[in-house]
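**Student:** Below are the structure tokens for one structure; questions will follow.
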Amino acid sequence: MHIRTSCRAWAVAAALGLSAVVPLGTAHAEERAPAAPGDIVRSEPSAFHPLPGQPTNTRAWKVHYRSTTATGAPTTVSGTVIVPQDGRQGPRPLITYAVGTVGVGDHCAPSANFPKGTALEANLIQQLTLRGWAVAVTDYEGLGTPGDHTYTVGRSAGQAMLDAARAAIRLPEAGLGEDTPVGIMGYSQGGQASSWAAELHGSYAPELDVKGTATGGVPGDLMEVAEFNDGSYGSGLIFMAAIGQNAAFPELRLDSYLNPAGKALLGAMRNSCVADGAVLGAFKTIDSMTTKNPLDEPDWRQRLRESRVGTHKPGAPVYLYHALADELIPYGVGKQLRKDWCARGADVEWHTIPLGEHVSGVITQSPLATRWLADRFEGKPSRANC
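What follows is the structure, encoded as structure tokens:
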């Protein structure tokens, strides 16, 4: 299914848009990482502006915090903690938020763009701060820190989200406490991350008081998403994701599969943000960039299967949504995730977006997902529709 869009609309779609699949450079693990996941390595004042110079009545800090790689090693991840300056006393909710695809260059990280007012999802995040909620936004592993970004590696992303919440609670200036109620939120690449965080919460960060997860446009099956986008205008995201998988699992040896054209393309992408990278790779096929398709190899297929969503039951309620005409992540992938979670007994409220496509899905559903999270914070009963 291919939907025509203008170049500008397509670039925006790519910018919010997705984790799609396949995989280059090793993610960095700090030798002197603090003892526990979520511990703060360092912090410094920052700023949060949805648009250049737009005031928000918030305080923000850039944090570097301890997290864990997909293979269990300690690493340092960066992110941003944002707290409204509204005079509120006592506890306030915290959202740990994962952005959609921004690219793999360090300068694309949310923490690098919030102060400048150039982060595309900042207007969505402002909906949360206007409610008086604190927000922790992870940069993900390797984005804004040494090493390549582990793009589309689900376990890495989910752990980075949960550890961002821990870091926000442990940041003294944020004024949060151990009893802080937590919501998990993300779309597209952020949908993969938030879904993984929901599944990992009970085993990885059980002390967090997670009330619910709002997640949409989830690339729950990376193999299916890759096959869907191969050779389409979303194919640049496949090659961008190649950097991510190989970053987490260097034994995959991506370079050994690339032909000269593939090496040139991925070399250019490694320092690009999503709009540039997506344009560079648009309409190219995996076969045209490789000497042998890595997706045909057992080790690659196994690693991609390891990022599949739906293999564990989220412990808290989930608001799950997907656009019927999503041109980057097939609607069937979202439906399958609903089916898998429901089969495991999860509390899932499912919504099909009947009109629109990938990007419009997050824009139209964000207010509804935010309202759903507000209901969870207020202790209202969820309305599962499995």
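Counting in the numbering used here, the sequence shown runs from 8 upward without gaps. Glycine included, C-beta positions come from ideal geometry on N, C-alpha and C. Just so it is clear, the structure is predicted and the values come from calculations on it, not from any experiment.
#1: Mind reading off the beta-carbon distance from residue 170 to residue 322? Whole number of angstroms is fine, and I expect it under 8 Å.
#2: Fully enclosed by the stretch 101-153, which beta strand (DSSP E) runs are 3 residues long or longer?
#3: Can we say the stretch 137-144 touches the stretch 93-104, given the rule of at least three CB pairs closer than 8 Å?
#4: Can you tell me whether residue 99 is helix, strand or coil according to DSSP?
#5: Which residue's Cα is closest to the Cα of residue 371: 62, 60, 53, 131?
#6: Check each candidate in 112, 202, 356, 99 and name the one with the smallest Cα separation from residue 183.
#7: Taking all protein chains shown into account, decide if residue 273 is buried (16 or more other Cβ within 10 angstroms of its Cβ) or exposed.
#8: Tell me, which residues are paired with residue 194 by DSSP?
#9: Give the DSSP-derived three-state secondary structure of residue 158 in the structure shown.
#10: Using a 10 Å radius around the Cβ and a threshold of 16 neighbouring Cβ atoms, would you call residue 263 buried or exposed?
#11: Select from 56, 227, 186 the residue whose C-alpha is nearest the C-alpha of residue 120.
#12: Which class does residue 336 belong to by DSSP, given the choice of helix, strand or coil?
#13: Under a CB-based cut-off of 9 Å, is residue 219 close to chain B?
#14: Can you look up residue 216 in the DSSP assignment and give me helix, strand or coil?
#15: What number of angstroms, rounded off, separates the C-alpha of residue 227 from the C-alpha of residue 281?
#16: Reducing DSSP to helix, strand and coil, say where residue 31 ends up.
#17: Closest by CA to residue 200, which one among 212, 216, 158, 181?
#18: Using a 10 Å radius around the Cβ and a threshold of 16 neighbouring Cβ atoms, would you call residue 204 buried or exposed?
#19: Closer than 8 Å is the cut-off here; do at least three beta carbon pairs connect the stretch 327-337 with the stretch 287-305?
**Tutor:** Taking the coordinates as given:
#1: In the sequence shown, counting from the first residue as 1, residue 170 sits at position 163. In the sequence shown, counting from the first residue as 1, residue 322 sits at position 315. So it is not a contact: roughly 17 Å between Cβ atoms.
#2: Given a length threshold of 3 residues, each whole run of the beta strand (DSSP E) inside the stretch 101-153 is given here in chain order: 101-105, 141-145.
#3: Yes, since at least three Cβ pairs between the stretch 137-144 and the stretch 93-104 fall closer than 8 Å, the two stretches touch.
#4: Counted from its first residue, the sequence shown places residue 99 at position 92. Residue state, collapsed to three classes: coil.
#5: As a first step, residue 371 is located in the sequence shown; it is residue number 364 there, counting from the start. It is 131.
#6: For the purposes of this step, residue 183 is taken as residue 176 along the sequence shown, with counting starting at 1. Taking the Cα of residue 183 as reference, the smallest distance to any Cα among 112, 202, 356, 99 is reached at 99.
#7: Stepping through the sequence shown from its first residue, residue 273 is reached at position 266. Per the 10 Å Cβ criterion, buried.
#8: The residue you call residue 194 lines up with position 187 of the sequence shown. In the DSSP assignment, the residues bridged to residue 194 are 223.
#9: By 1-based counting over the sequence shown, the position of residue 158 is 151. Taken through DSSP and simplified to helix, strand or coil, residue 158 comes out as coil.
#10: By 1-based counting over the sequence shown, the position of residue 263 is 256. Counting of Cβ neighbours within 10 angstroms places residue 263 among the exposed residues, the total staying below 16.
#11: Here residue 120 corresponds to residue number 113 of the sequence shown, with the count starting at 1. Out of 56, 227, 186, 56 has the C-alpha closest to the C-alpha of residue 120.
#12: Translated into positions along the sequence shown, residue 336 becomes position 329. In the three-state reduction of the DSSP assignment, residue 336 falls in the coil class.
#13: No chain B appears in the structure shown, which is made up of a single protein chain.
#14: Taking the sequence shown and counting its residues from 1, the one referred to as residue 216 is at position 209. Of the three classes helix, strand and coil, the one that applies to residue 216 here is strand, per DSSP.
#15: As a position in the sequence shown, residue 227 is number 220, starting the count at 1. As a position in the sequence shown, residue 281 is number 274, starting the count at 1. One C-alpha to the other measures close to 20 Å.
#16: On the sequence shown, position 24 is the one that residue 31 refers to. The predicted model places residue 31 with a pLDDT of 33, which falls under 50 and marks its position as unreliable; any figure quoted below should be read in that light. Looking at residue 31 - three-state DSSP - the assignment turns out to be coil, as it is neither helix nor strand.
#17: Along the sequence shown, read from residue 1 onward, the residue named residue 200 stands at position 193. It is 158.
#18: Within the sequence shown, the letter at position 197 stands for residue 204. Buried, since its Cβ has 16 or more Cβ neighbours within 10 Å.
#19: Three or more Cβ pairs closer than 8 Å define a contact, and the stretch 327-337 falls short of that threshold against the stretch 287-305.
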